Amino acid sequence: MNDTVIYAGTFDPLTLGHYDLIERSAEIFDNVILAVARSTPKNCMFSLEERVDMARLATLELDNVEVDVLDGMLVDYAAKRNVRLLIRGLRAYSDFEYEFQMALTNRKLKPEIETMFMMPKEVHSYVSSSIVREIAKAGGDTNDFVPEEVQKMILKKVKEL
Numbered sequence: 005m006n007d008t009v010i011y012a013g014t015f016d017p018l019t020l021g022h023y024d025l026i027e028r029s030a031e032i033f034d035n036v037i038l039a040v041a042r043s044t045p046k047n048c049m050f051s052l053e054e055r056v057d058m059a060r061l062a063t064l065e066l067d068n069v070e071v072d073v074l075d076g077m078l079v080d081y082a083a084k085r086n087v088r089l090l091i092r093g094l095r096a097y098s099d100f101e102y103e104f105q106m107a108l109t110n111r112k113l114k115p116e117i118e119t120m121f122m123m124p125k126e127v128h129s130y131v132s133s134s135i136v137r138e139i140a141k142a143g144g145d146t147n148d149f150v151p152e153e154v155q156k157m158i159l160k161k162v163k164e165l
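Counting with this note's numbering, you get residues 5 to 165 for the letters of the sequence shown.
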């Protein structure tokens with residue numbers, strides 16, 4: 005069995021909660037593919053290229069983490085990469101319903117691909133990318149919510165807005 009997992013998301017921006025799951029996944033599995041979604045129904049603050057750069061900078065010291073772009077459906081991407089396990093983050097019970105539906109839909113589409121849910125450390129459980137974007141756009145300090153490399157990109161982006 006391939007000891008590689010995929011953790012996919014928009015990562016707009018990548019938060020300390022995301023980083024916590026990435027770091028812990030990298031400790032458990034031989035390889036972690038951080039798949040940055042190209043298309044998203046969300047109104048992104050950062051371009052795809054910026055989100056990929058952000059992910060690469062934030063995970064630079066994690067030798068077994070690869071950052072890639074996710075085009076299309078996650079289960080198709082996983083099958084193409086010969087990966088059977090998807091990592092999904094759950095911050096609160098409110099995340100569960102959506103993630104549960106997605107996991108069951110993915111299972112219906114590709115029964116050989118499993119989903120594993122992970123929770124971030126409690127200190128990060130309330131942090132979301134959308135909250136970080138709102139704070140940043142309002143001129144607030146996001147330093148406690150994102151990795152240092154991401155904070156630098158947020159400050160630069162806010163100046164451009």
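From the three backbone atoms N, C-alpha and C, an ideal C-beta is built for every residue, glycine too.
In this text, all values refer to a predicted model and were calculated from it rather than measured experimentally.
C-alpha gap between residue i and residue j, whole angstroms
i, j, result
"Ala96", "Ile10", "21 Å"
"Asp16", "Asp67", "22 Å"
"Lys156", "Gly21", "17 Å"
"Ser129", "Met123", "8 Å"
"Tyr102", "Tyr81", "20 Å"
"Gly13", "Ser134", "13 Å"
DSSP three-state assignment for residue i, whether helix, strand or coil
i, result
"Thr19", "coil"
"Ala30", "helix"
"Ala39", "strand"
Residue j beta carbon less than 7 Å from that of residue i
i, j, result
"Lys114", "Val79", "yes"
"Leu18", "Val69", "no"
"Lys125", "Asp24", "yes"
"Ala41", "Leu64", "no"
"Thr146", "Val136", "yes"
Below-7 Å beta-carbon distance, residue i vs any chain D residue
i, result
"Asp24", "Protein chains in the displayed structure number just one, and chain D is not present."
Q) Taking one C-beta from the segment 80-94 and one from the segment 115-127 each time, how about it: are there three or more such pairs within less than 8 Å? A) yes
Q) If we count Cβ pairs, one from each stretch, closer than 8 Å, do we get three or more for the segment 45-58 versus the segment 97-114? A) no
**Q.** Inter-stretch contact (C-beta, 8 Å, three-pair minimum) for the segment 136-145 and the segment 28-37
**A.** no
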